[in-house]
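Visitor: Structure incoming, see below.
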């Protein structure tokens, strides 16, 4: 157990719908990262937050958005869902450290299925 | 843009043999190189990492080497066991960016 929690574990929804995925980082971690992993694919970096502020952005679609709240939990919002959005979504967190050298600890993931 | 190439994509070894996975990165600012193991349907777990001021690091059966000049780093697993079967990801991190390789699926045959 990494100490990073994600809810829900599974989510089934229909095309065109909107969902929210939630992540709570490890105690003391200020950074939260979101990744998308499609079937048998690698980890695609979506976005990073540090202490409530957006720090880095990857290949995140305009239909997706995220935020980090004052209590440091983060939410990833996916809207106008398409079949291709079906994937495993991971959240990771890291403690403050030298920029670029923070170890990321992953949560268990949320498996999203869009029908 | 920056990327990390990982080879091979699939690796099959006999139990007890060694396995080597290689990664090449493009961003000169990268200074931290973690390796993750992901079992089917589970989260990636850090197994070893190396920072740019070190050329090699070892932890029991696992070792990582780094050649900053050539922008190469490698994972070495000795005396492989069936429970080593998983997908392994390398990553290169620098500034506020971490880029993952595409992964290597390792099969260890008993």
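Protein chains in written order, with our numbering: chain A, -9 to 105; chain B, 3 to 112.
Ideal Cβ positions, reconstructed from N, Cα and C, are used throughout, including at glycine.
Note that this is a predicted model, so its numbers are computed, not measured.
#1: Do residue 11(B) and residue 73(B) have their CB atoms nearer than 8 angstroms?
#2: Cα separation between residue 86(A) and residue 17(A)?
#3: Taking any Cβ of chain A, which residues in the stretch 28 to 52 of chain B have a Cβ under 9 angstroms from it, in chain order?
#4: Taking buried to mean at least 16 other C-beta atoms within 10 Å of its own C-beta, is residue 33(B) buried or exposed?
#5: Cβ of residue 95(B) less than 8 angstroms from any chain A Cβ?
#6: Beta strand (DSSP E) containing residue -7(A): first to last residue?
#7: In chain order, what residues of the stretch 95 to 109 of chain B put their CB closer than 8 angstroms to some CB of chain A?
#8: Go through its chain and collect everything with a Cβ distance to residue 105(A)'s Cβ below 6 angstroms, but skip five positions before and after it.
#9: Among 100(A), 96(A), 102(A) and 101(A), which has the Cα closest to the Cα of residue 46(B)?
#10: Tell me residue 63(A)'s beta-bridge partners as DSSP assigns them.
#11: One question on the structure: do residue 59(B) and residue 52(B) come within less than 8 angstroms of each other, judged by their Cβ atoms?
#12: Leaving out five residues on either side along the sequence, give the residues of the same chain with a beta carbon under 6 angstroms from the beta carbon of residue 2(A).
#13: Anyone know if the C-beta pair for residue 68(B) and residue 35(B) falls short of 8 angstroms?
#14: Let me make sure I understand the geometry here. Which of 40(B), 71(B), 25(B) and 4(B) has the alpha-carbon closest to that of residue 86(B)?
#15: Between the Cα of residue 79(B) and the Cα atoms of 4(B), 93(B) and 50(B), which residue gives the shortest distance?
#16: One question on the structure: do residue 102(B) and residue 91(B) come within less than 8 angstroms of each other, judged by their Cβ atoms?
#17: For residue 65(B), collect the residues of the same chain with a Cβ closer than 6 angstroms to its Cβ; drop the 5 residues on either side in sequence, then sort them by chain order.
#18: Whole beta strand (DSSP E) runs in the stretch 6 to 85 of chain A with 3 or more residues, listed along the chain?
#19: Output, in chain order, the set of chain A residues within a Cβ distance shorter than 8 angstroms of residue 75(B).
#20: Can you list, in chain order, the residues of the stretch 5 to 39 of chain A whose Cβ is nearer than 7 angstroms to any Cβ on chain B?
Guide: Judging by the given coordinates:
#1: Locating residue 11(B) in the second chain gives position 9, counting from the first residue. Locating residue 73(B) in the second chain gives position 71, counting from the first residue. Contact flag unset, no.
#2: For the purposes of this step, residue 86(A) is identified with residue 96 of the first chain, where counting begins at 1. For the purposes of this step, residue 17(A) is identified with residue 27 of the first chain, where counting begins at 1. Near 12 angstroms, if we compare the C-alpha coordinates of residue 17(A) and residue 86(A).
#3: 31, 32, 33, 34, 36, 38, 40, 43, 44, 45, 46, 47, 48 and 51
#4: Counted from its first residue, the second chain places residue 33(B) at position 31. Buried: at least 16 other Cβ atoms inside 10 Å.
#5: Here residue 95(B) refers to the residue found at position 93 of the second chain. By this cut-off, residue 95(B) is an interface position.
#6: Sequence index remark: in the first chain, residue -7(A) carries index 3 (1-based). Residue -7(A) -> no beta strand (DSSP E), and no H or E assigned at all.
#7: 95, 96, 97, 98, 99, 100, 101, 102, 103, 104 and 105
#8: Here residue 105(A) corresponds to residue number 115 of the first chain, with the count starting at 1. So the qualifying residues of the chain are 4.
#9: Translated into the one-based positions of the second chain, residue 46(B) becomes position 44. Per the Cα distances, 96(A).
#10: Mapped onto the first chain, residue 63(A) falls at position 73. For residue 63(A), which the question treats as bridged, DSSP gives no partner whatsoever.
#11: Taking the first residue of the second chain as position 1, residue 59(B) is located at position 57. Taking the first residue of the second chain as position 1, residue 52(B) is located at position 50. Yes, these two residues count as a Cβ contact at 8 angstroms.
#12: Residue 2(A) sits at position 12 when you count from the first residue of the first chain. Closer than 6 angstroms at the Cβ level, and outside the excluded window around residue 2(A), lie 103.
#13: As a working mapping, residue 68(B) is identified with position 66 in the second chain. As a working mapping, residue 35(B) is identified with position 33 in the second chain. Taking 8 angstroms as the Cβ cut-off, residue 68(B) and residue 35(B) qualify as a contacting pair.
#14: What you label residue 86(B) is simply residue 84 of the second chain in a count that begins at 1. The candidate whose alpha carbon is nearest that of residue 86(B) is 40(B).
#15: Translated into the one-based positions of the second chain, residue 79(B) becomes position 77. Out of 4(B), 93(B) and 50(B), 50(B) has the C-alpha closest to the C-alpha of residue 79(B).
#16: Position 100 of the second chain, counted from the start, is the residue given in the question as residue 102(B). Position 89 of the second chain, counted from the start, is the residue given in the question as residue 91(B). Yes, these two residues count as a Cβ contact at 8 angstroms.
#17: In the second chain, the residue the question calls residue 65(B) occupies position 63. Excluding residues within five positions, the ones whose Cβ falls inside 6 angstroms are 78.
#18: 9 to 14, 21 to 27, 34 to 40, 43 to 47, 54 to 58, 64 to 68 and 77 to 84
#19: As a first step, residue 75(B) is located in the second chain; it is residue number 73 there, counting from the start. Here the premise fails: no neighbours, minimum Cβ distance about 14 angstroms.
#20: 32, 33, 35 and 38
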